[in-house]
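Peer 1:
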Amino acid sequence: MDVLMLTAFLLPFLGKFRKIATTFAFFLALFLAINNNYFIAVFFFTLSLAILWLSDWTDAKYPLFFLAMFDLIGLLNSSNLFELFIYFELAIYASYFLIADPNNFKTLFRYFVVNSIGSAFMLFSIALSFFNTGSLTSISNGPLIFFVIGLLIKLGIAPFQDWLVEIYKTVSLSSSLFFASVLTSVSPLALLLVIKQPSLPLQLFALLSMFIANLMALREDSLKRILALFGASNLAYGLLAISTASEASRFAALFIMLSHVIAISFALTALAISQSTKLNNLKAPAGLELPFYAAFFALSGLPPFHLFPAKLLLFSAVFTESHPFSYLLLINLALGAFTSIRILSGIQGSIKLKIPKKFRILLFGFLILSLLLGLFPLLFTKALQSQMQLFSN
Amino acid sequence: MLTVSLLLVSSLIALKRKNIARWLALLSLFFFTKSFSFEWLPGITFSWTSSPSLLFPVFLLIIASSIFYSRNLDKIQTSMILLLSSGIIGFLGSSSPFQHFFFLELMLFPTFYLIRKEDSFSAFKYFGFMQVSSILILSGLLGEGLISSTLLTLGFAIQIGLFPFHSWLADAITQSPTPLNVLISTSLIGCGLVGLLTYSSTPLLLLPLGIVSAIYGAILATTQDEAPRLLAYSTLSQIGVGVLILVLNPEILPLFISIHALAKASLIFSFNEIFEKTRRQTLPDIRIFSITLFISILLSCLSLLGVPPLLGFFTELNLLISAFTFSPYLGLLIVFTLIPTALYCEKLLSIFRNTPEQKIESETPLILSIILIIGGLLWMF
Numbered sequence: 001m002d003v004l005m006l007t008a009f010l011l012p013f014l015g016k017f018r019k020i021a022t023t024f025a026f027f028l029a030l031f032l033a034i035n036n037n038y039f040i041a042v043f044f045f046t047l048s049l050a051i052l053w054l055s056d057w058t059d060a061k062y063p064l065f066f067l068a069m070f071d072l073i074g075l076l077n078s079s080n081l082f083e084l085f086i087y088f089e090l091a092i093y094a095s096y097f098l099i100a101d102p103n104n105f106k107t108l109f110r111y112f113v114v115n116s117i118g119s120a121f122m123l124f125s126i127a128l129s130f131f132n133t134g135s136l137t138s139i140s141n142g143p144l145i146f147f148v149i150g151l152l153i154k155l156g157i158a159p160f161q162d163w164l165v166e167i168y169k170t171v172s173l174s175s176s177l178f179f180a181s182v183l184t185s186v187s188p189l190a191l192l193l194v195i196k197q198p199s200l201p202l203q204l205f206a207l208l209s210m211f212i213a214n215l216m217a218l219r220e221d222s223l224k225r226i227l228a229l230f231g232a233s234n235l236a237y238g239l240l241a242i243s244t245a246s247e248a249s250r251f252a253a254l255f256i257m258l259s260h261v262i263a264i265s266f267a268l269t270a271l272a273i274s275q276s277t278k279l280n281n282l283k284a285p286a287g288l289e290l291p292f293y294a295a296f297f298a299l300s301g302l303p304p305f306h307l308f309p310a311k312l313l314l315f316s317a318v319f320t321e322s323h324p325f326s327y328l329l330l331i332n333l334a335l336g337a338f339t340s341i342r343i344l345s346g347i348q349g350s351i352k353l354k355i356p357k358k359f360r361i362l363l364f365g366f367l368i369l370s371l372l373l374g375l376f377p378l379l380f381t382k383a384l385q386s387q388m389q390l391f392s393n
Numbered sequence: 001m002l003t004v005s006l007l008l009v010s011s012l013i014a015l016k017r018k019n020i021a022r023w024l025a026l027l028s029l030f031f032f033t034k035s036f037s038f039e040w041l042p043g044i045t046f047s048w049t050s051s052p053s054l055l056f057p058v059f060l061l062i063i064a065s066s067i068f069y070s071r072n073l074d075k076i077q078t079s080m081i082l083l084l085s086s087g088i089i090g091f092l093g094s095s096s097p098f099q100h101f102f103f104l105e106l107m108l109f110p111t112f113y114l115i116r117k118e119d120s121f122s123a124f125k126y127f128g129f130m131q132v133s134s135i136l137i138l139s140g141l142l143g144e145g146l147i148s149s150t151l152l153t154l155g156f157a158i159q160i161g162l163f164p165f166h167s168w169l170a171d172a173i174t175q176s177p178t179p180l181n182v183l184i185s186t187s188l189i190g191c192g193l194v195g196l197l198t199y200s201s202t203p204l205l206l207l208p209l210g211i212v213s214a215i216y217g218a219i220l221a222t223t224q225d226e227a228p229r230l231l232a233y234s235t236l237s238q239i240g241v242g243v244l245i246l247v248l249n250p251e252i253l254p255l256f257i258s259i260h261a262l263a264k265a266s267l268i269f270s271f272n273e274i275f276e277k278t279r280r281q282t283l284p285d286i287r288i289f290s291i292t293l294f295i296s297i298l299l300s301c302l303s304l305l306g307v308p309p310l311l312g313f314f315t316e317l318n319l320l321i322s323a324f325t326f327s328p329y330l331g332l333l334i335v336f337t338l339i340p341t342a343l344y345c346e347k348l349l350s351i352f353r354n355t356p357e358q359k360i361e362s363e364t365p366l367i368l369s370i371i372l373i374i375g376g377l378l379w380m381f
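If you're matching them up, the sequences are chains A and V in order.
Heads up: the first sequence runs through residues 1 to 393, numbered per the numbering used here.
Heads up: the second sequence runs through residues 1 to 381, numbered per the numbering used here.
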């Protein structure tokens, strides 16, 4: 860890060697993660390698990307609340520069303001908890609400999703992939570190968030907005499972969040390839119809794709707790299904487009990954189970 | 079960090499007796039994003939047919509720994709109905008690397209390529009926729906001129009969599903053959002569009507006996459904006339119909 920490801070000063040095550091990090049997880190590093490979970033942005990734892994490893907060903030600072562009200054500013509000909430709750209990390792029930609200604002979970939609709309595919799949998906895992007792207000909040996201998605026309709302509802499923806090549901939460990462990246890539923005002019790219349809099927959690086992595990975990709101989950599932019907019915024929080879490979890669994990999810869950102890201590 | 995994593999191969995948799939159908079990998710084990029911050989035969007929489809379509087939076989051999649910859902994507190619509206209708159905089924499986049983019943009723949830059925069937058409009208419906048989403990709810479906479907079928639509409504009517059997005499349901599957597959293949040769689908316009097709259509129709010594006779007889024991009025209603059935069968047979325009030879559908007679004779003794 120390080696990586040092690398993260040295990289920006390496001048024209930055790109090579970052790539090297990346592989070093990947090697260390594999060597330490740290599956979640391997997962995110592999995904971010794909993003790097796809990206059109300048050399200057590479070290920042590495810093953000490294901080997120540090976040998952953090042993107390303060460390968690610092790592999270560092990752967010790196992300400011990743999307910085004179053309979307307004988006950046909005992102900055929203994040500051979120940080204030989080810091306030940590301070309050420290004041109450005198310890930084766990958070007491009252301040927990503030902590979660702060985190949700920073993650773009409904009803705070607007800034995320703006980012999807304005930045390039690689940057939005970074936001959708890495930044807003690793951080909710931090909740696994914080929440260890069932919490009724949080469960209610998660359900509310789900309803808001799904209902808003029903009347949306912009595809990126729908994707953001879909993502928000998936994260809210995860939040519900975390706040149910049984062993099975915590595991289901971890599983669904990592599955969500793949699903949202798959759908974003498909959308970027088709170059459509509105629901009523959505066209499948000729020759790539199969992965295109599959992307939206996967996002709505239907087999043979990978989000299905995750959702099934989550449902059975929540239902075995004989949760009073279990049936509300199913209503949400129905609402989500209607949105996916809307997207699929929006696809009108196919369109001939010139698609770079990189995108093709990425799209098919996601298709195969999604199918593989959908049919044999045990490959994934076995690897994840060994990681659960990270979150249980 | 090796078959399911091999079919899945071959559906992937089909994306690149269509014919190799088709032959691999046909070969894989021979391994259906191998029992197999593995942990799919923590706490959910998938296992297939080694003692298959009567439905297995029949469905395997139908799947084999659909795979054989998929030679005209493109690579992705073939792959989807194979994926669908793996779903059907997986469903039939399943032993746990979540496994059943998984395979039901697995069939959704390929079917949606194949119908979408022909007509998007029908595909979305299908997708919407199936989504509602699967949510009902999932909530039924996760809960317990009377409510969950009712939810399951409703879910599977939508899955098989029972009246009043039948509106997806005719559209989906008429808008799908022949192999998919056969698989929907025989195997998908069969799987739904098996699901109803396994999970529904409130079958009396279904009795009125079954009667209405049987009569309404048969009457609608008599008014149709287009062969695919007529066959679709005939399927609706047979689903109604199937549900009646499920309520009154569940032991013979697998036999009924097999007979209906054989007869319907034989009819659909025959009419596909006729359409390919004459390019006509409106029944009054077709004037052909063909001994093999005549025999196969005649046998299938007679089997649907329940004429001895065909296999259909035994299920019809059993159904009538149990219906009359239940209530004479119900028995009379079921006898009444035979009138429109006879009428539409006559309409199907009217394409063979004295002054034919064309001669057609075809063997495949005949094999299925011959099984109907041989099976009937074997059943008798």
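Even glycine gets a Cβ: it sits at the ideal position worked out from N, Cα and C.
Going by DSSP in three states, V/Glu39 sits in which element: helix, strand or coil?
Peer 2: V/Glu39 falls in the strand class under three-state DSSP.
Peer 1: Work out the CA separation of A/Leu369 and V/Leu41 for me, nearest whole Å.
Peer 2: 17 Å
Peer 1: By how many angstroms is the C-alpha of A/Leu67 removed from the C-alpha of A/Ser172?
Peer 2: 20 Å
Peer 1: So for A/Ser199, helix, strand or coil by DSSP?
Peer 2: coil
Peer 1: Would you mind sorting A/Val165 into buried or exposed? The rule is 16 or more other CB atoms within 10 Å of its CB.
Peer 2: A/Val165 is buried by the Cβ-count criterion.
Peer 1: Determine the DSSP secondary structure at V/Ala14, reduced to helix, strand or coil.
Peer 2: coil
Peer 1: Indicate whether at least one CB of chain V lies closer than 8 Å to the CB of A/Tyr96.
Peer 2: no
Peer 1: For V/Gly192, count neighbouring C-beta atoms within 10 Å of its own C-beta (all shown protein chains included) and say buried if the count is 16 or more, exposed if not.
Peer 2: buried
Peer 1: Please identify the residue among A/Phe325, A/Phe266, A/Ile331 and A/Gly287 whose C-alpha is closest to the C-alpha of A/Leu367.
Peer 2: A/Phe266
Peer 1: Going along chain V in order, which residues have a C-beta closer than 7 Å to the C-beta of A/Phe297?
Peer 2: Phe109
Peer 1: So what does DSSP say about V/Gly110, is it helix, strand or coil?
Peer 2: According to the sequence displayed, residue 110 of chain V carries Pro and not Gly. Of the three classes helix, strand and coil, the one that applies to V/Pro110 here is helix, per DSSP.
Peer 1: Which of the three DSSP states is assigned to A/Ala33 in this structure?
Peer 2: helix
Peer 1: Is V/Thr282 helix, strand or coil by DSSP?
Peer 2: DSSP places V/Thr282 in strand when its eight states are reduced to three.
Peer 1: What residue range is occupied by the uninterrupted beta strand (DSSP E) comprising V/Phe32?
Peer 2: From DSSP, V/Phe32 is part of no beta strand (DSSP E); its letter is neither H nor E.
Peer 1: Which value, in whole angstroms, describes the spacing of the CA atoms of V/Ser213 and V/Val241?
Peer 2: Going from the Cα of V/Ser213 to the Cα of V/Val241 covers about 8 Å.
Peer 1: Please determine if the stretch 188-207 of chain V and the stretch 240-260 of chain V are in contact, where contact requires at least 3 C-beta pairs separated by less than 8 Å.
Peer 2: yes
Peer 1: Would you call A/Asn332 buried or exposed, if buried means 16 or more other Cβ atoms sit within 10 Å of its Cβ?
Peer 2: buried
Peer 1: In angstroms, rounded to a whole number, what distance separates the CA positions of A/Leu10 and A/Leu123?
Peer 2: 28 Å
Peer 1: List the whole-angstrom C-beta distance separating V/Ile160 from V/Ile239, where the pair is believed to meet the contact cut-off of C-beta under 8 Å.
Peer 2: 5 Å
Peer 1: Could you tell me whether the Cβ of V/Ser139 comes closer than 8 Å to any Cβ of chain A?
Peer 2: By the rule that beta-carbons nearer than 8 Å mark a contact, V/Ser139 touches chain A.
Peer 1: Terminal residues of the continuous beta strand (DSSP E) containing A/Ile157?
Peer 2: Neither: A/Ile157 is in no beta strand (DSSP E) and is coded neither H nor E.
Peer 1: For the stretch 210-288 of chain A, list the alpha helix (DSSP H) runs that are entirely contained and at least 4 residues long, ordered along the chain.
Peer 2: 223-244 and 247-274
Peer 1: Going by the beta-carbon positions, is the gap between A/Ser233 and A/Asn214 smaller than 8 Å?
Peer 2: Judged by their CB atoms, A/Ser233 and A/Asn214 are nearer to each other than the 8 Å cut-off.
Peer 1: Answer with yes or no whether the minimum CB distance from A/Ala217 to chain V is below 8 Å.
Peer 2: no
Peer 1: Any heavy atom of the ligand FAD closer than 7 Å to the Cβ of V/Ala227?
Peer 2: As far as ligands go, the structure on display features none, and thus does not contain the ligand FAD.
Peer 1: Against chain V, does A/Thr381 count as a neighbour if the rule is that its beta carbon must be under 8 Å from one of theirs?
Peer 2: yes
Peer 1: Helix, strand or coil: which one does DSSP assign to V/Ile288?
Peer 2: The answer is strand: DSSP assigns V/Ile288 an E or B state.
Peer 1: On the CB-based measure, 16 or more other CB atoms within 10 Å of its CB, does A/Thr133 come out buried or exposed?
Peer 2: exposed
Peer 1: Classify A/Lys16 as helix, strand or coil using the three-state DSSP reduction.
Peer 2: Note: A/Lys16 maps to helix in three-state DSSP.
Peer 1: Counting pairs of Cβ atoms below 8 Å between the stretch 27-39 of chain A and the stretch 87-99 of chain A, do you hit three or more?
Peer 2: no
Peer 1: By alpha-carbon positions, which one of A/Leu313, A/Ile273 and A/Glu321 ends up nearest to A/Phe364?
Peer 2: A/Ile273
Peer 1: Using Cβ-Cβ distances below 8 Å, what residues of the stretch 307-319 of chain A are close to chain V?
Peer 2: Listed by position along the chain: Phe308, Pro309, Leu312, Leu313, Phe315, Ser316 and Phe319.
Peer 1: At 4 residues or longer, and completely inside the stretch 300-328 of chain A: list those alpha helix (DSSP H) runs for me, N to C.
Peer 2: 307-320
Peer 1: Is the stretch 285-296 of chain V in contact with the stretch 322-342 of chain V, if contact means three or more CB pairs nearer than 8 Å?
Peer 2: no
Peer 1: Roughly how many angstroms lie between the CA atoms of V/Leu349 and V/Ser300, to the nearest whole one?
Peer 2: 11 Å
Peer 1: So, for A/Leu328: in the same chain, excluding its five sequence neighbours on each side, which residues have a beta-carbon less than 6 Å away from its beta-carbon?
Peer 2: Leu207
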